[in-house]
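Take a look at the structure below.
In UniProt numbering, the protein residues as written are 1 to 78.
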């Protein structure tokens, strides 16, 4: 797999995680507008926000690994 493809996938994962986190945060922020007894959306948004965090963290680790690989490749060339 090419390094630029790995970098692209990592950045896409971070962007998707952040976008989803914004959506879930907006849902949580509007929790007052939910009818009484309908906490399903709130729970889904809270779980989703946790998953978004994990996605961003995992994508960041991929980005770090690719960065280290690039550094290693440059070190080997010099």
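Every residue, glycine too, gets a C-beta built ideally from N, C-alpha and C. Remember, predicted model here, so these are calculated numbers, not experimental data.
| request: Could you please give the first and the last residue of the uninterrupted alpha helix (DSSP H) stretch that includes residue 4? | output: The residue given as residue 4 occupies position 4 in the chain shown. Boundaries of the alpha helix (DSSP H) around residue 4: 3-29.
| request: Have a look at residue 57 and residue 63 and give me their C-alpha separation to the nearest angstrom. | output: Sequence index remark: in the chain shown, residue 57 carries index 57 (1-based). Sequence index remark: in the chain shown, residue 63 carries index 63 (1-based). In a straight line, the C-alpha of residue 57 is about 10 Å away from that of residue 63.
| message | One question on the structure: do residue 55 and residue 22 come within less than 8 Å of each other, judged by their Cβ atoms? | response | As a first step, residue 55 must be located in the chain shown, where it is residue number 55. As a first step, residue 22 must be located in the chain shown, where it is residue number 22. A distance of 8 Å or more separates the beta carbons of residue 55 and residue 22.
| Cut-off 7 Å between Cβ atoms - residues of its own chain near residue 6, not counting five sequence neighbours on either side | Along the chain shown, one-based indexing puts residue 6 at 6. These residues qualify, in order along the chain: 62 and 66.
| task | Please classify residue 19: is it buried, with 16 or more other beta-carbons within 10 angstroms of its beta-carbon, or exposed? | result | Residue 19 sits at position 19 when you count from the first residue of the chain shown. It counts as exposed.
| Outcome for residue 59 when other beta-carbon atoms lying within 10 angstroms are tallied against a minimum of 16 | For this step, residue 59 is matched to residue 59 along the chain shown. Per the 10 Å Cβ criterion, buried.
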